[in-house]
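Residue numbers (our numbering): 4 to 560.
Structural data, given as structure tokens:
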């Protein structure tokens, strides 16, 4: 219940919510659950009939990507399956009945299940997360599935089908992987991948735990090192974890990258379960150094090791420096970045921003940072659910007021926020290309939820940047590019890194809310090779397509 939280009054309006706050009346968007009408029938399973171990409780992510290149974001859901030494014998009746599912966005509000034709069901594998990237620069987005067991890399054939190239690629990691973020860490033109690995499950042997907890927690198992794979440019990858300086054992829940220091270099941030987080700082030469403690983002507010889940990144206070929001099982953390006397650091702003009072009552997992009402300020959606039991909780939407404070607008944002699920992963995309951001939520042992944003494109203006690198072999998303948009007093900064949150991936097109502005004063993009392009007086309410001639290590364009 949210009864003890002060909320603005709610008045129903068609497709909009109107509330009174700060002495004025404002209209806000609402989210409509379109899961059934969209034709999405997938249901997640942990491969058993009773939740009784950490593999099952970890849940799943969700992935948006445009697999057929038609400009519409498609959806990929992953599921667990009955697995020896994980699942109970009584769950054997589920064998052969569970698989991951790919849904094609038909552009008319409907999605079509194309799993069998595409060949990406992953039958028999226990999947946790997913991400997508064009690893061979052929203009087609490939799919990477993170599993309890060997990971799967599907190569996109360009005709609606995929080929399993896992063994050939060398990234069929057998450790339990949850998240994978793609980026070109050595600037050779090919996307490399950082894989976040969780822990070494013992097949249920350890049983010394408090029965009310449901099953043993993460500290009952050995940590696992993450993995960094260098893309060799020939369809294969070489693990460079130790050489690059990112070998460190942890219990990674998810990972992402960004140019946190405005240096043109992409750093890696890893959230860990029941221990400190990791921040691998790039030296710009293919090497990294772990400096989370130095920057103040290793631990939570009081120095405790918390159960950090899926990190999201954005400039929440619009000061030109990227900040980090992390849900966890007992609280959450908002680190805002500061720059004083030339020294960078992060400061915990969870309490002063108003997030702690609301979020402290939930177990947080997947988060999305997005400007849902297009007013120029990043808002926060978080999916909630108990960790060790199938105890349901409602999700939250925290609106950024632009004055250093967030307000809970969940109860004014649609019927979904009055429903309860055991939430896990969450992802964002403009599924109907109408200029406001929609949401997909993966729920444990339940149907997912697809939420359409109704009204986000009517009260304010927007601009979406679709940035592509053009190679001789094809064009792909300009992963690692930075876009800076100036609109009046607002300076909006975003990095093109679609892998954010808990085991999930969102729309690679960068969306900016511009309020009442009729144009953006300027749009500047710094491409991954450091070249900068700038456009002035850019019309709003459009998808701005930008391309840049790129090259690989061999010099080919």
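C-beta: ideal position from N, C-alpha, C; glycine also.
*Go through its chain and collect everything with a Cβ distance to residue 413's Cβ below 6 Å, but skip five positions before and after it.*
Within the chain shown, the letter at position 410 stands for residue 413. Short of 6 Å from the beta carbon of residue 413, and not among the five residues preceding or following it, lie these beta carbons of its own chain, in chain order: 399, 400 and 420.
*Roughly how many whole angstroms lie between the Cα atoms of residue 316 and residue 233?*
Counting from one through the chain shown, the residue named residue 316 turns up at place 313. Counting from one through the chain shown, the residue named residue 233 turns up at place 230. If I take the Cα positions, the gap works out to 24 Å.
*Would you report the Cα separation of residue 319 and residue 345, rounded to the nearest angstrom?*
Sequence index remark: in the chain shown, residue 319 carries index 316 (1-based). Sequence index remark: in the chain shown, residue 345 carries index 342 (1-based). Straight across, the Cα-Cα distance linking residue 319 with residue 345 is about 21 Å.
*Where DSSP assigns a beta bridge to residue 367, which residues make up the other side?*
Here residue 367 refers to the residue found at position 364 when the chain shown is read from its first residue. As a beta-bridge residue in DSSP terms, residue 367 pairs with 387.
*Use the C-beta contact count for residue 270: other C-beta atoms within 10 angstroms, 16 or more gives buried, fewer gives exposed.*
Your numbering for residue 270 matches position 267 in the chain shown. The residue in question, residue 270, is buried, as its Cβ has 16 or more Cβ neighbours within 10 Å.
*asked:* Cutting at 6 Å between CB atoms, please list the residues of its own chain near residue 62, excluding the five before and the five after it.
replied: By one-based count along the chain shown, residue 62 stands at place 59. Same-chain partners within the cutoff: 427 and 447.
*With which residues is residue 529 paired in a DSSP beta bridge?*
To locate residue 529, count along the chain shown from 1; it is residue 526. According to DSSP, which records beta bridges pairwise, residue 529 is partnered with 485 and 535.
*Give every residue of the same chain whose Cβ lies closer than 6 Å to the Cβ of residue 26, excluding the five residues on either side of it in the sequence, and list them in chain order.*
As a working note, residue 26 is residue 23 in the chain shown. For residue 26, the pLDDT reaches just 37, beneath the cut-off of 50, and the residue's location in the model is therefore unreliable, leaving the point undetermined.
_Own chain partners of residue 226 with C-beta closer than 7 Å, once the 5 adjacent residues on each side are dropped_ = Counting from one through the chain shown, the residue named residue 226 turns up at place 223. If the five residues before and after residue 226 are omitted, its C-beta is found closer than 7 Å to the C-beta atoms of 202, 252, 253 and 254, all from its own chain and listed in chain order.
*Identify the continuous alpha helix (DSSP H) that holds residue 93 and give its terminal residues.*
Here residue 93 refers to the residue found at position 90 of the chain shown. Residue 93 -> no alpha helix (DSSP H), and no H or E assigned at all.
*To which residues does DSSP link residue 233 through a beta bridge?*
By one-based count along the chain shown, residue 233 stands at place 230. Residue 233 pairs with 241.
_Three CB pairs or more closer than 8 Å across the stretch 288 to 295 and the stretch 328 to 348_ = Taking a contact to require three or more Cβ pairs closer than 8 Å, the stretch 288 to 295 and the stretch 328 to 348 do not qualify as touching.
_Contact the stretch 39 to 49 vs the stretch 444 to 462: 3+ CB pairs below 8 Å_ = A contact exists between the stretch 39 to 49 and the stretch 444 to 462.
*Do we get a CB-CB distance below 9 Å when we pair residue 480 with the residues of chain B?*
Absence of chain B from the displayed structure is noted, only one protein chain being present.
*asked:* Measuring only the C-alpha atoms, how far is residue 490 from residue 220?
replied: Walking along the chain shown from the start, residue 490 turns up at place 487. Walking along the chain shown from the start, residue 220 turns up at place 217. Their Cα atoms are separated by approximately 47 Å.
*If we ignore side chains and look at the alpha-carbon of each, how far apart do residue 168 and residue 321 end up?*
Here residue 168 corresponds to residue number 165 of the chain shown, with the count starting at 1. Here residue 321 corresponds to residue number 318 of the chain shown, with the count starting at 1. Roughly 42 Å separates the two Cα atoms.
*Confirm the yes/no value for this check: CB of residue 250, any heavy atom of the ligand MN, distance under 8 Å.*
Absence of the ligand MN from the depicted structure is noted, as is the absence of any ligand whatsoever, leaving it without description.
*Taking residue 530 as the reference, give the member of 355, 192 and 350 with the closest Cα.*
Walking along the chain shown from the start, residue 530 turns up at place 527. The shortest Cα separation from residue 530 among 355, 192 and 350 belongs to 192.
*According to the Cβ coordinates, are residue 393 and residue 422 closer than 9 Å?*
For this step, residue 393 is matched to residue 390 along the chain shown. For this step, residue 422 is matched to residue 419 along the chain shown. Cβ distance not < 9 Å, so residue 393 and residue 422 don't count as in contact.
*For residue 188, I'd like the list of residues in its chain whose CB is within less than 6 Å of its CB, leaving aside the five on either flank, ordered along the chain.*
Against the chain shown, residue 188 aligns to sequence position 185. Apart from sequence neighbours up to five positions away, the residues of its chain that approach residue 188 with a beta-carbon distance below 6 Å are 195, ordered along the chain.
_For the stretch 534 to 545 against the stretch 64 to 77, do three or more pairs of beta-carbon atoms, one drawn from each stretch, fall closer than 8 Å, so that the two count as touching?_
Touching, no.
*Can you grab the Cα-Cα spacing for the pair residue 351 / residue 93, in whole Å?*
Counting from 1 along the chain shown, the entry for residue 351 is found at position 348. Counting from 1 along the chain shown, the entry for residue 93 is found at position 90. Their backbone Cα atoms lie some 46 Å apart in a straight line.
_Quick check: the Cα distance between residue 264 and residue 209, rounded to an integer number of angstroms?_
Counting from one through the chain shown, the residue named residue 264 turns up at place 261. Counting from one through the chain shown, the residue named residue 209 turns up at place 206. Whole-angstrom Cα-Cα distance: 43 Å.
*Quick one: Cα of residue 124 to Cα of residue 524, how far?*
Within the chain shown, numbered from 1, the residue matching residue 124 stands at position 121. Within the chain shown, numbered from 1, the residue matching residue 524 stands at position 521. Looking at the two C-alpha atoms, the distance is approximately 46 Å.
*Cβ atoms of residue 198 and residue 1: under 9 Å apart, would you say?*
No answer is possible for residue 1: it lies beyond the span of the chain, which begins at 4 and ends at 560.
*Per DSSP, cross-strand counterpart(s) of residue 311*: The sequence position of residue 311 within the chain shown is 308, counting from 1. Among the bridge pairs identified by DSSP, residue 311 is matched with 331.
*Jot down the residue ranges of each uninterrupted beta strand (DSSP E) in the stretch 253 to 319, minimum 3 residues, whole runs only, in chain order.*
Taken in chain order, the unbroken stretches of beta strand (DSSP E) that lie wholly in the stretch 253 to 319 and span 3 residues or more are 255 to 261, 270 to 275, 281 to 285, 291 to 293 and 315 to 317.
*Secondary structure of residue 470, DSSP reduced to three states*: On the chain shown, residue 470 is found 467 positions in, with the first residue counted as 1. Of the three classes helix, strand and coil, the one that applies to residue 470 here is strand, per DSSP.
*State the DSSP-derived secondary structure class of residue 84, mapped to helix, strand or coil.*
As a working mapping, residue 84 is identified with position 81 in the chain shown. Reduced to three states, the DSSP call for residue 84 is coil.
*Spell out the partners DSSP gives residue 223 in its beta bridges.*
Here residue 223 refers to the residue found at position 220 of the chain shown. Residue pairing by DSSP places residue 223 in no beta bridge whatsoever.
*Opposite residue 396 in the DSSP bridges: which residues?*
As a first step, residue 396 is located in the chain shown; it is residue number 393 there, counting from the start. Residue 396 pairs with 424.
*What is the DSSP secondary structure of residue 214, reduced to helix, strand or coil?*
As a first step, residue 214 must be located in the chain shown, where it is residue number 211. In the structure shown, residue 214 adopts helical secondary structure according to DSSP, grouped into three states.
*Please say whether residue 173 and residue 240 have beta carbons closer to each other than 9 Å?*
Here residue 240 is taken as the residue at index 237 of the chain shown, counted from 1. Here residue 173 is taken as the residue at index 170 of the chain shown, counted from 1. Going by C-beta atoms, residue 240 is nearer than 9 Å to residue 173.
*Using the Cα positions of residue 53 and residue 136, report the straight-line distance between them to the nearest angstrom.*
Position 50 of the chain shown, counted from the first residue, corresponds to residue 53. Position 133 of the chain shown, counted from the first residue, corresponds to residue 136. C-alpha separation (whole angstroms): 35 Å.
*Check each candidate in 266, 347 and 267 and name the one with the smallest Cα separation from residue 300.*
The sequence position of residue 300 within the chain shown is 297, counting from 1. The option with the nearest alpha carbon to residue 300 is 347.
*In whole angstroms, what is the alpha-carbon distance linking residue 383 and residue 376?*
Numbered from its first residue, the chain shown carries residue 383 at position 380. Numbered from its first residue, the chain shown carries residue 376 at position 373. For residue 383 and residue 376, the distance between alpha carbons rounds to 11 Å.
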